[in-house]
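Numbering (this note's numbering), first residue to last: 371 to 654.
The structure under discussion appears below in the form of structure tokens.
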Ligand SMILES: Cc1ncc(C[n+]2csc(CCOP(=O)(O)OP(=O)(O)O)c2C)c(N)n1
Ligand code: SF4
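Have a look at this one:
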């Protein structure tokens, strides 16, 4: 069994006290250890932002790249070594804004990675501008009269592109979130978990209190994750009652499984034969 402490490191953490990112970090450790994945077999990829710092606080393989570019890096890594469990930590701005086109491509490719979107509905690192998921009307120092765009909804976009695993989590329900992360890792294909993550410094609208009052867990009794129409409705339920859990799950063939050469094992473990490459080059 993998001890959760193996994922612990002492890197100094400067997230604000009370930030929802702490709950996501703990849920990730719990999920990875719970699935008995040793740190040597886990790769965490992130972009820029407060969410992007998450892998610094986990003792395993990680790559902290450019703003919005976590998903393409994760895709390349998974192609090179499909034996590795690959997770992505990305903010709502990083994933749906700066990296929006990569998000669309990752869903369509159905690469076997787990994307954890830390959705605090604001640009946290750059001190509180509106993000693509900010509620209409939310005021910020930049959007003084309130946001005038309707929010981008990652889960419904993913569903409309044919995603096979779409879930919503809440940073304040760590055990529940750990269960979602485990299900997402076990899923063969692209898995999206959009996680409501309170930003206590710059979002005074979507708070611990508001989420604690409105979040409810999906169960077998109140939702069938095979029902696509019902999943779309859950995405749009509004702020009064916020469902968390697996909105939709269906079996799909992942990107790696569609590439014949990867069935023979991870590319990284193949022997490099320079003579074969030279022979090929000589034909040009
Ligand atoms: C290409 C590029 N554009 C803009 C920035 C500035 N920038 C850094 S972090 C950030 C917003 C991050 O917001 P989000 O992804 O929601 O993450 P959070 O900090 O809220 O976790 C921006 C705009 C950048 N670093 N690179
Ligand atoms: S600014 Fe917001 S997202 Fe960033 S660490 Fe502080 S509470 Fe968390």
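Built from N, CA and C at the ideal position, the CB exists for glycine as well.
Terminal residues of the beta strand (DSSP E) in which residue 439 lies: Here residue 439 belongs to no beta strand (DSSP E), and DSSP marks it neither H nor E.
Touching by the beta-carbon criterion (3+ pairs, under 8 angstroms), the region 541-549 and the region 470-480: no
CB of residue 391 within 8 angstroms of CB of residue 424, strictly: yes
As assigned by DSSP and simplified to three states, the class of residue 413: strand
Per-residue DSSP class, three states only, for residue 523: coil
Close Cβ partners of residue 608 (< 6 angstroms) along its chain, the five nearest in sequence each way excluded: none
Start and end residues, alpha helix (DSSP H) containing residue 552: 544-556
Those residues, in chain order, that have a beta-carbon closer than 6 angstroms to some heavy atom of ligand 2: 385, 386, 389, 391, 420, 490, 494, 569, 570, 571, 572
heavy atom of ligand 1 below 7 angstroms from residue 437 C-beta: yes
Exposed unless 16 or more other CB atoms sit within 10 angstroms - verdict on residue 361: The structure shown does not extend to residue 361, since the chain spans only 371 to 654, so no value can be given for it.
Three-way DSSP call (helix, strand, coil) for residue 613 in this model: strand
Residues bridged to residue 586 (per DSSP): 613
Distance CB(residue 479)-CB(residue 445) smaller than 8 angstroms: yes
Ordered list of alpha helix (DSSP H) runs contained in the region 591-644, each at least 4 residues: 598-605
C-alpha gap between residue 571 and residue 420, whole angstroms: 12 angstroms
Complete runs of the alpha helix (DSSP H) confined to the region 442-526 [at least 4 residues]: As summarised for the region 442-526, the continuous alpha helix (DSSP H) elements at least 4 residues long and confined to that stretch are 470-479, given in chain order.
Closest Cα partner of residue 383 within the set 435, 428, 398, 566: 428
Residue 394 - DSSP class collapsed to helix/strand/coil: helix
Closest by C-alpha distance to residue 618, when choosing among 631, 627, 604: In terms of Cα proximity to residue 618, the closest of 631, 627, 604 is 604.
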